[in-house]
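Reviewing the structure listed below.
There are 4 protein chains.
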Amino acid sequence: MGQKLINAGLTSSRFGNISLLLNNKIFITCTGSMLDELDENCVVGVELEGCCPEDAIASSETCVHRAVYRFTSHEAIIHTHSPYAVAASLLEAKEVLPLDSEGRIFLGPMPIVSGSFGSNELAESVSSALQDHKACIARGHGVFAAGRSLKEAYTAAAMAEHSAQIGYLVKSYCCEAQGIDGAR
Amino acid sequence: MGQKLINAGLTSSRFGNISLLLNNKIFITCTGSMLDELDENCVVGVELEGCCPEDAIASSETCVHRAVYRFTSHEAIIHTHSPYAVAASLLEAKEVLPLDSEGRIFLGPMPIVSGSFGSNELAESVSSALQDHKACIARGHGVFAAGRSLKEAYTAAAMAEHSAQIGYLVKSYCCEAQGIDGAR
Amino acid sequence: MGQKLINAGLTSSRFGNISLLLNNKIFITCTGSMLDELDENCVVGVELEGCCPEDAIASSETCVHRAVYRFTSHEAIIHTHSPYAVAASLLEAKEVLPLDSEGRIFLGPMPIVSGSFGSNELAESVSSALQDHKACIARGHGVFAAGRSLKEAYTAAAMAEHSAQIGYLVKSYCCEAQGIDGAR
Amino acid sequence: MGQKLINAGLTSSRFGNISLLLNNKIFITCTGSMLDELDENCVVGVELEGCCPEDAIASSETCVHRAVYRFTSHEAIIHTHSPYAVAASLLEAKEVLPLDSEGRIFLGPMPIVSGSFGSNELAESVSSALQDHKACIARGHGVFAAGRSLKEAYTAAAMAEHSAQIGYLVKSYCCEAQGIDGAR
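Chains as they are written, first to last, in numbering that gives the first Met the number 0: chain A, 0 to 183; chain B, 0 to 183; chain C, 0 to 183; chain D, 0 to 183.
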């Protein structure tokens with residue numbers, strides 16, 4: 000799955016993380032692990048309850064994943080640093096609106112949320128946004144996509160970047176003619 | 000072939016589908032199958048006649064493929080969600096005109112067709128467009144490319160995105176100087 | 000080598016061809032062969048002299064390769080349909096000027112040449128341009144890169160697209176401020 | 000590692016080089032080696048002291064790597080010709096400012112340095128810039144990223160291109176509205 004993310008250009012090197020909820024336990028990629036070189040040593044199990052782990056083994060985003068699992072019905076989460084989604088989160092004010100048909104129907108508006116990575120603010124904003132969305136974008140940071148399975152989460156992550164790219168290509172095309180409300 | 004589509008960036012994750020006409024039977028990828036993980040279990044045979052299958056096994060676009068096989072001479076179809084082609088379908092009014100020499104000669108104008116995915120409207124518009132074209136684009140959705148073989152269909156799909164990318168790069172270059180008729 | 004071209008995004012599906020001069024004989028990829036699926040059956044030997052082959056086995060660009068081998072000192076040729084190079088050939092008038100340091104030093108200006116593919120006009124314009132260049136671009140068609148070895152030709156082909164992409168990114172950035180002489 | 004760089008699109012063909020400091024000896028990729036075909040024959044050991052090697056075996060950038068190892072605490076260096084970073088180095092005056100959160104925090108401003116490749120001027124400017132940065136960009140040439148390990152250097156190289164791409168996408172979006180100070 001990590002290899003798929005890298006090959007698809009959804010993220011690169013050690014950026015991003017993947018987790019799964021299994022029997023009330025969270026299995027998440029270790030911090031700093033290269034997503035295209037994952038093995039069993041790069042996955043750690045953490046409890047559903049509790050604060051951010053002291054040790055630096057689990058992903059630094061663990062508390063964000065934990066909050067999503069606690070406050071939503073999702074059972075898998077993929078976090079990527081997808082370029083068009085990140086760019087859109089810096090260009091749009093509150094949300095990224097897919098213009099393509101799948102994005103409009105399956106994703107809907109992707110909320111842009113705030114909070115430095117690994118922070119409780121980010122944990123709250125992401126878990127709140129994912130209660131009724133499959134994907135949201137942390138401003139200037141990356142996509143959090145979720146679903147009932149890794150496959151669903153992967154599909155949402157791929158759709159998020161696809162919709163962000165389509166939106167960018169369409170809106171940046173001769174955009175001086177379309178107003179620039181979105182631009183900073 | 001699915002792997003080739005993913006590697007070429009023509010589509011991603013579970014978006015898109017592939018079918019082949021063999022002895023009046025359609026063999027098509029199952030709905031939701033990851034195109035880079037296809038095996039014999041991800042391909043289902045459906046009849047050339049009849050309405051959209053009730054069960055959710057065959058691709059949700061099955062009735063579109065069926066209509067193409069019934070009303071055209073094509074024997075293979077590839078459907079992709081290629082980013083530049085989708086963007087162009089949202090920027091252009093009626094068709095996407097290739098600017099590169101191969102596209103101009105082998106593809107010609109790519110009609111932009113309407114209809115929500117899996118709908119009879121889409122089935123009619125795509126099958127009508129592919130009667131005298133190798134590729135058309137469902138607005139905001141993706142490319143339908145066809146040929147006498149999977150290789151021909153793949154070539155048309157690759158050409159469609161290539162021509163759409165060239166067209167976008169050329170038309171979006173200093174486009175304020177070229178008029179913006181195409182832009183929404 | 001074909002696989003490298005596809006993976007590098009320098010060309011796709013069956014677009015482009017590769018040839019090598021060995022003992023006054025040209026070995027060239029067959030017409031329509033997928034460059035990421037080449038095997039010995041996809042390579043054909045043709046004589047250095049003579050007109051374009053009647054049969055459709057050798058690449059349709061054979062006479063272009065032949066002219067290059069006859070009128071230049073190159074011993075390997077790679078032809079690709081690289082997107083940024085093709086776009087630049089439609090945007091610039093006579094040549095594509097690399098802005099990056101390697102391109103400026105090793106490639107120099109890439110002449111934009113004319114002629115429909117496989118034509119004698121293209122053969123003449125390409126072979127003339129490659130007498131004192133490592134790469135030229137057939138307008139709206141693709142790159143012809145050459146060298147003393149396949150590795151040199153591949154390097155020139157990769158450099159050509161790299162320089163074309165850098166040039167496009169730089170010139171299309173706020174280009175209304177830079178004049179639009181290049182734009183059609 | 001070379002394969003990872005190529006697959007990630009951070010560089011292509013023979014452009015770029017990788018080195019490691021081990022027991023006061025530098026191990027660096029040979030000049031002209033394809034980074035996706037590296038084997039032990041493509042790596043050469045050179046001394047930490049001394050001028051640029053006379054023979055053409057070690058990378059032509061050897062003296063740049065040497066200077067970095069002598070004047071900084073880095074123990075691994077990756078040099079890439081990443082397209083967005085190179086474009087940004089031609090568009091910005093003195094430095095490339097990451098807009099994404101990781102880039103802002105982990106990289107900070109990426110200095111744009113001068114000097115033709117392999118020159119002492121480049122060696123001085125790069126080693127000086129990398130004293131307090133993880134990555135800098137040689138104008139019109141490419142990225143020099145460094146760290147305590149190849150993994151750290153790779154992460155910095157990937158982050159540099161990611162930040163450059165985000166910055167380009169954001170700043171080129173309707174940039175006529177944002178002023179064009181950066182543009183040539």
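Here a beta-carbon is modelled for each residue, glycine too, at the ideal position from N, C-alpha and C. For clarity, every value in this text was computed on a predicted model and none was experimentally measured.
Nearest-angstrom Cα separation, counted from residue j out to residue i
i, j, result
"G49/A", "D35/A", "29 Å"
"N6/B", "I5/C", "9 Å"
"Q164/C", "L90/B", "23 Å"
"C62/A", "L37/A", "21 Å"
"S113/C", "Q2/A", "43 Å"
"A157/C", "S127/A", "46 Å"
"E160/D", "A86/A", "13 Å"
"D115/B", "L121/B", "The sequence as given places Ser at residue 115/B; Asp does not occur at that position. About 6 Å."
"E60/D", "Y172/B", "35 Å"
"A92/C", "I111/C", "8 Å"
"A137/C", "S88/C", "7 Å"
"C135/B", "P82/A", "28 Å"
"T30/A", "S148/D", "16 Å"
"S18/A", "I27/A", "4 Å"
"T10/D", "F70/D", "26 Å"
"K170/B", "V169/A", "12 Å"
"A66/A", "A66/B", "47 Å"
"K133/B", "R103/B", "12 Å"
"D131/D", "G8/A", "30 Å"
"N119/C", "L129/C", "15 Å"
Sheet register partners of residue i (DSSP bridge)
i, result
"I17/C", "I77/C"
"T28/C", "V42/C"
"E94/C", "P110/C"
"F143/C", "H78/C, C135/C"
"A152/C", "DSSP, once it has assigned bridges, lists no residue as partnering A152/C."
"A57/B", "C29/B"
Cβ-Cβ distance between residue i and residue j below 9 Å
i, j, result
"V125/B", "F105/B", "no"
"F14/C", "E101/B", "yes"
"H78/A", "N16/A", "yes"
"L96/D", "P108/D", "yes"
"T154/D", "G146/D", "yes"
"E151/C", "A75/C", "yes"
Amino acids of chain B, ordered along the chain, whose beta-carbon sits closer than 8 Å to that of residue i
i, result
"D131/A", "Those do not exist, as D131/A stays about 22 Å from chain B at its closest Cβ, beyond 8 Å."
"D35/A", "Here the premise fails: no neighbours, minimum Cβ distance about 14 Å."
"L140/C", "Here the sequence assigns His to residue 140/C, which means Leu is not the residue at that position. Result: D99, S100, E101."
Selection from the options that minimises the alpha carbon distance to residue i
i, options, result
"A57/B", "Y83/B, A84/B, C41/B, P110/B", "C41/B"
"H140/A", "F26/A, M158/A, A84/A, C29/A", "A84/A"
"L20/C", "M33/C, G44/C, G166/C", "G44/C"
"E46/A", "T30/A, C135/A, I25/A", "I25/A"
"Y68/D", "C135/D, N23/D, A137/D, L9/D", "N23/D"
"S162/D", "G117/A, H80/A, T28/A", "H80/A"
"G117/D", "L168/D, S32/D, H64/D", "H64/D"
"E33/D", "M0/C, M33/C, S32/C, G8/C", "Contrary to the premise, residue 33/D reads as Met rather than Glu in this sequence. Closest by alpha carbon: M0/C."
Neighbour list for residue i in chain A, Cβ cutoff strictly below 9 Å
i, result
"H78/B", "Result: empty, since nearest Cβ-Cβ is about 12 Å, beyond 9 Å."
"Y167/B", "L168, Y172"
"G107/B", "What G107/B touches in chain A: nothing, since even the nearest Cβ is about 23 Å away."
Contact list for residue i against chain D, beta-carbon separation under 8 Å
i, result
"I136/C", "Simply none; closest approach about 18 Å."
Interface residues of chain D facing residue i [CB-CB closer than 9 Å]
i, result
"L90/A", "L168, V169, Y172, C173"
Where residue i meets chain C, residues with beta-carbon distance less than 7 Å
i, result
"Q164/B", "P82"
Residue i: contacting residues in chain B (beta-carbon distance under 7 Å)
i, result
"H161/A", "S11, H80, P82"
"A185/C", "Lying outside 0 to 183, the shown extent of chain C, residue 185/C is not represented and no answer is given."
Where residue i meets chain C, residues with beta-carbon distance less than 9 Å
i, result
"H64/D", "Ordered by position in chain C, no residue passes the 9 Å Cβ test against H64/D, which lies about 18 Å from the chain."
"S115/D", "S100, I104"
Neighbouring residues, chain A, relative to residue i (Cβ below 8 Å)
i, result
"G1/B", "Those within 8 Å of G1/B in chain A number zero; the least Cβ separation is about 13 Å."
CB contact below 9 Å: residue i versus chain F
i, result
"K150/B", "This model lacks chain F altogether; the protein chains it does include are A, B, C and D."
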